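Q:
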Amino acid sequence: MLRGSYFQSLNLAERATPRQLFWSVVTLLEGVLWIALKILLLKPYVPIVSLSVQPPLGLLYLISSLRERFGKEVEITFLDLKSRGLSTQWVRDNLHYYDPDVVGVSVLNCEASTAYEIATICKEYNPNITTAIGGPYAHRTAENILTDSKFDWVFDGPSERTFTEAISRLKSGEELGTDIAGFSYRSNGSLHLNFLNDLSADLDTLPFPAWDLIDFELYARLPKINSVMKGRLYAPLFTSRGCPFKCHYCHDIFGKKFISRSAESVLNEIEHLHTTYGVDEIEVVDDIFNWDRKRVQTIMGEVSRRWAGKIHFCFPNGLRGDMLDEATITALANGGTYSLAIAIESTTPRIQKLIDKNLNAKKAYWAINFADSKGIAVLGFFMLGFPTETVSEMKDTIDFALKSRLTLAQFFTVIPQPHTPIYDLAKSENHEALARFERRDLAGLGYYSKFSWYGEAYGYPLNRLVVSTWIRFYLNPRRIWKVFTRTPKKSLFFALIRLVQNIASIQGRIPENPPILPENRSHGIGKNLEKRHNDGFQNRSRDSMDFFHQPEARLRKIHKAQ
Ligand code: B12
Ligand code: SF4
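Under the working numbering, residue 562 is the last one in the sequence shown; the count climbs by one each step, no gaps.
#1: Identify every run of the alpha helix (DSSP H) within the stretch 401-488, keeping only runs that are complete inside it and at least 4 residues long; order them along the chain.
#2: Let me check understanding here. Comparing Cα to Cα, which of Ser260, Ile344, Ser346, Tyr234 lies closest to Pro592?
#3: Examine the ligand SF4 and report whether any of its heavy atoms sits within less than 8 Å of the Cβ of Asp99.
#4: Could you tell me whether any Cβ in chain B is nearer than 9 Å to the Cβ of Thr487?
#5: Buried or exposed: Ile84, going by 16 or more other Cβ atoms within 10 Å of its Cβ?
#6: Under 9 Å between the Cβ atoms of Leu40 and Ile63?
#7: Starting from Lys82, trace the alpha helix (DSSP H) in both directions and tell me its first and last residue.
#8: With a CB to CB cut of under 7 Å and the five nearest residues on each side skipped, what residues in its chain are close to Arg440?
#9: Does Ser392 pass the burial test, meaning 16 or more other C-beta atoms within 10 Å, or should it be called exposed?
#10: Buried or exposed, going by whether 16 or more other CB atoms sit within 10 Å of the CB of Tyr423?
#11: Is the closest heavy atom of the ligand GTP to the C-beta of Gln297 under 8 Å?
#12: Could you check where the beta strand (DSSP E) with Cys563 kicks off and where it finishes?
#13: So what's Arg140 in DSSP terms, helix, strand or just coil?
#14: Assuming Leu406 contacts Leu384 under a Cβ cut-off of 8 Å, what Cβ separation, rounded to an integer in Å, is found between them?
#15: Quick check on the DSSP output: what are the complete beta strand (DSSP E) runs of length 3 or more inside the stretch 223-276, in order along the chain?
#16: Got a list of residues with beta-carbon closer than 5 Å to any non-hydrogen atom of the ligand SF4, in chain order?
#17: For the beta strand (DSSP E) holding Thr337, just list the boundary residues, first then last.
#18: Would you list the one or two residues that DSSP bridges to Ala377?
#19: Taking only the alpha-carbon atoms, compute the straight-line gap between Leu319 and Val285 and give it to the nearest angstrom.
#20: Roughly how many whole angstroms lie between the Cα atoms of Glu389 and Trp470?
#21: Assuming Ile132 and Asp152 make a contact with CB atoms under 8 Å, what is their CB distance in whole Å?
#22: Mapping the DSSP letters down to three states, classify Ile497 as helix, strand or coil.
#23: Can you tell which of Ala166, Pro421, Gly231, Asn430 has its C-alpha closest to the C-alpha of His248?
#24: Measuring straight from C-alpha to C-alpha, what distance separates Val266 and Tyr45?
#25: With distances taken between CB atoms, is the gap from Tyr61 to Glu160 smaller than 9 Å?
#26: Is there at least one non-hydrogen atom of the ligand B12 closer than 8 Å to the beta-carbon of Phe238?
#27: If I measure Cβ to Cβ from Met323 and keep anything under 6 Å in the same chain, skipping five residues before and after, which residues do I get?
#28: Can you tell me whether Ala308 is helix, strand or coil according to DSSP?
#29: Give the range of the alpha helix (DSSP H) segment to which Ile167 is assigned.
#30: Using 8 Å for Cβ pairs, my map puts Gly135 next to Val91. What's the rounded Cβ distance?
#31: Please classify Asp93 as buried or exposed, where buried requires at least 16 neighbouring CB atoms within 10 angstroms.
#32: Could you have a look at Thr77 and say whether DSSP puts it in helix, strand or coil?
#33: What residue range is occupied by the uninterrupted alpha helix (DSSP H) comprising Phe70?
#34: Less than 8 Å between the CB of Cys110 and some heavy atom of the ligand B12, yes or no?
#35: Using CA atoms only, rank isn't needed, just tell me which of Thr276, Phe386, Gly335, Tyr277 is closest to Gln297.
#36: Out of Arg232, Phe258, Ile253, point me to the one whose CA is closest to Cys243's CA.
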């Protein structure tokens, strides 16, 4: 099977420079000699967000799917630049060692500019390299990426099947077409966009992530999403995709329908990780692991039967607080859960409605207390500074945290992420402030920085409120005692470093009266917003999300002269 697309892409007449000619000949020879297609997959390193690292599950899933489909026909190199702190300069200096045909980069919003640089480096090295991008940043941004960067291929949404299909067509010289869900590309000066996402339901058919490529010892030494760690070696586990809730600040990468792996598949992966690599801590990073309570109870029941005391569990991301009932929490505790996180965000009904999270704070409060009584260290997530939120509303949320039996808490400032309704709301509230914040925030990293969208919009120094809350929360003798008795000693050091880093951003004192946002708005949303709300702001936002899920809107091919 000749790699015909390479021949198509030669266009020798157009490639005038000796360097380009050289690479065209190399590519031609590769095709003739049936040399395996060389795919380099990268997770970029952005120094400013190096705080937490985790084996990049997305790339590991892609690799196992590529291996399953192509075997030795592809030669895959996986580099987590983040875990080793390797910059784009390192990529420039070392690309020739890998000499790839395809370079794929997995990207979050905050990694976008680094990823763009990597694509440019690849093209400078060899213009025939196919550059591909995927990950959360690629969600609904294909057109921008293809217009603004040197990426040739963009994959929106889950890509195990779509990336392998595109690679297959590249290998066989077939037309890339426009029928691969979520796959957009540039070719001959035109953009071919496909807004569909591959949300196929059968997750059990996906091979396990390529765990053999992971140095578990290395990741165990790096700070992870759960700031503490009880076991010796850990692995992140993704057991379901999608979340039926529509919180306005959240992503929509895996769709709004909950799809899950069977309990058997999840247990097999835990077994594999434990017996093959000695993993003794599992970190579940689903969006909403407890959507199906029966499934949770089956999995955790079996875990406690097979690995009681041998494997520790933590849930730094995967649980919805008001859906945790007694049976679920008991099953989690019996299965070896030592730490879990509950995202409260705000306790004000108005804000809960505004962000469409509609969390029942009372139920979540009960869940915190019950999990605490089971000896689990409960971490609460709170977001402060939603558009239109008043200081008294934030203080209600803070009071909830202070009074609760939470062992740990994190107080984030709201960062409106593009392509979410909260972003539209922030923009309509004060678009100049949003633009200013985005410039200052560099890459959307500023949960703990002194800049916040809220501060820019309303002139209120939110960071100081956040830091004083951190201090008030942790300077509580009962909590200090709980932190020392419930959190594993060996990782307390990392947790303390994090705390100090966060608190280090303190800037002066909180003014009694915030200069721009008046307290009298606490009784309702601002007049304009109220009107927009009544006019169906939320529905409009929903519509804009639904747009991407309607079949007729999904499949679009746009030829656009560049
Ligand atoms: C675990 C996790 C982390 C971990 C590890 C992240 C990582 N390794 O990428 C840690 C703790 C480090 C982390 C940190 C942050 N995170 Co985080 N995190 C997650 C979480 C909960 C799960 C990620 C995961 O493993 N998903 C499972 C895999 C299978 O999915 P995936 O990576 O998206 O990969 C699939 C596709 O995207 C695609 N794909 C991915 N890469 C590629 C590459 C190519 C070439 C192709 C073709 C396809 C492709 O195919 C994959 C398989 O289907 C997600 C939420 C979520 N549900 O995804 C948030 C999420 C990714 N995080 C988010 C954010 C904002 C952050 C932070 C910036 C927060 C902060 N301010 O500190 C930091 C910074 C990250 C950094 N670079 O340092 C946002 C990203 C929003 C965005 N559009 O960028 C998410 C979506 C949550 C949210 N709030 O909405 N995070
Ligand atoms: S914040 Fe949690 S509950 Fe809300 S949509 Fe996202 S994953 Fe679902």
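Ideal Cβ positions, reconstructed from N, Cα and C, are used throughout, including at glycine.
These figures come from a predicted structure and were not determined experimentally.
A: In brief:
#1: 421-429, 431-440, 453-458, 462-474, 477-486
#2: Given that the chain is displayed from residue 1 to residue 562, the structure contains no residue 592 and the question cannot be resolved.
#3: Taking the sequence shown and counting its residues from 1, the one referred to as residue 99 is at position 99. Within the chosen limit of 8 Å, the ligand SF4 does not reach the beta carbon of Asp99 with any heavy atom.
#4: No chain B appears in this structure, which consists of one protein chain only.
#5: Counting from 1 along the sequence shown, the entry for residue 84 is found at position 84. Checking the sequence, you will find Arg at residue 84 rather than Ile. Exposed, since its Cβ has fewer than 16 Cβ neighbours within 10 Å.
#6: In the sequence shown, counting from the first residue as 1, residue 40 sits at position 40. In the sequence shown, counting from the first residue as 1, residue 63 sits at position 63. For Leu40 and Ile63, no; Cβs fall outside 9 Å.
#7: Counted from its first residue, the sequence shown places residue 82 at position 82. That run of the alpha helix (DSSP H) goes 81-84.
#8: Along the sequence shown, one-based indexing puts residue 440 at 440. Excluding positions up to five away in sequence, the list reads Phe451.
#9: Position 392 of the sequence shown, counted from the start, is the residue given in the question as residue 392. So Ser392 ends up on the exposed side.
#10: Taking the first residue of the sequence shown as 1, we reach residue 423 at position 423. Flag for Tyr423 reads buried.
#11: The ligand GTP is absent from the structure shown, which contains only the ligand B12 and the ligand SF4.
#12: Residue 563 lies beyond the range of the chain shown here (1 to 562); nothing can be said about it.
#13: Here residue 140 corresponds to residue number 140 of the sequence shown, with the count starting at 1. Three-state result, Arg140: coil.
#14: Taking the first residue of the sequence shown as 1, we reach residue 406 at position 406. Taking the first residue of the sequence shown as 1, we reach residue 384 at position 384. The Cβ separation is near 16 Å, so there is no contact.
#15: 234-237
#16: Cys243, Phe245, Cys247, Cys250, Asp287
#17: Residue 337 sits at position 337 when you count from the first residue of the sequence shown. First-last of the beta strand (DSSP E) with Thr337: 337-345.
#18: Locating residue 377 in the sequence shown gives position 377, where the first residue counts as 1. BP columns for Ala377 point to Ser339.
#19: In the sequence shown, residue 319 corresponds to position 319, counting from 1. In the sequence shown, residue 285 corresponds to position 285, counting from 1. Approximately 9 Å between the Cα atoms of the pair.
#20: Locating residue 389 in the sequence shown gives position 389, counting from the first residue. Locating residue 470 in the sequence shown gives position 470, counting from the first residue. So the alpha carbons of these two residues sit roughly 19 Å apart.
#21: The count along the sequence shown starts at 1 and reaches residue 132 at position 132. The count along the sequence shown starts at 1 and reaches residue 152 at position 152. The sequence as given places Ala at residue 132; Ile does not occur at that position. About 7 Å; that satisfies the 8 Å criterion.
#22: Position 497 of the sequence shown, counted from the start, is the residue given in the question as residue 497. DSSP places Ile497 in helix when its eight states are reduced to three.
#23: Mapped onto the sequence shown, residue 248 falls at position 248. Nearest option by C-alpha distance: Pro421.
#24: Along the sequence shown, one-based indexing puts residue 266 at 266. Along the sequence shown, one-based indexing puts residue 45 at 45. Taking C-alpha positions only, Val266 is separated from Tyr45 by approximately 30 Å.
#25: Counted from its first residue, the sequence shown places residue 61 at position 61. Counted from its first residue, the sequence shown places residue 160 at position 160. Yes.
#26: Start at 1 with the first residue of the sequence shown, and residue 238 comes out as number 238. Yes, the beta carbon of Phe238 sits closer than 8 Å to at least one heavy atom of the ligand B12.
#27: For this step, residue 323 is matched to residue 323 along the sequence shown. So the list reads Asn290, once near-sequence residues are dropped.
#28: Position 308 of the sequence shown, counting from 1, holds the residue named residue 308. Of the three classes helix, strand and coil, the one that applies to Ala308 here is coil, per DSSP.
#29: Reading the sequence shown from its first residue, position 167 is the one you call residue 167. 160-172 is the extent of the alpha helix (DSSP H) around Ile167.
#30: Working through the sequence shown from its first residue, we reach residue 135 at position 135. Working through the sequence shown from its first residue, we reach residue 91 at position 91. With a Cβ gap of about 17 Å, Gly135 and Val91 do not count as contacting.
#31: Working through the sequence shown from its first residue, we reach residue 93 at position 93. Its Cβ having fewer than 16 others within 10 Å, Asp93 is exposed.
#32: Within the sequence shown, the letter at position 77 stands for residue 77. Three-state DSSP puts Thr77 in a strand.
#33: Reading the sequence shown from its first residue, position 70 is the one you call residue 70. First-last of the alpha helix (DSSP H) with Phe70: 57-70.
#34: Taking the first residue of the sequence shown as position 1, residue 110 is located at position 110. Yes, the Cβ of Cys110 comes within 8 Å of a heavy atom of the ligand B12.
#35: The residue labelled residue 297 in the question sits at position 297 within the sequence shown. Considering only alpha carbons, the answer is Gly335.
#36: By one-based count along the sequence shown, residue 243 stands at place 243. Comparing Cα-Cα distances from Cys243 to each of Arg232, Phe258, Ile253, the minimum goes to Phe258.
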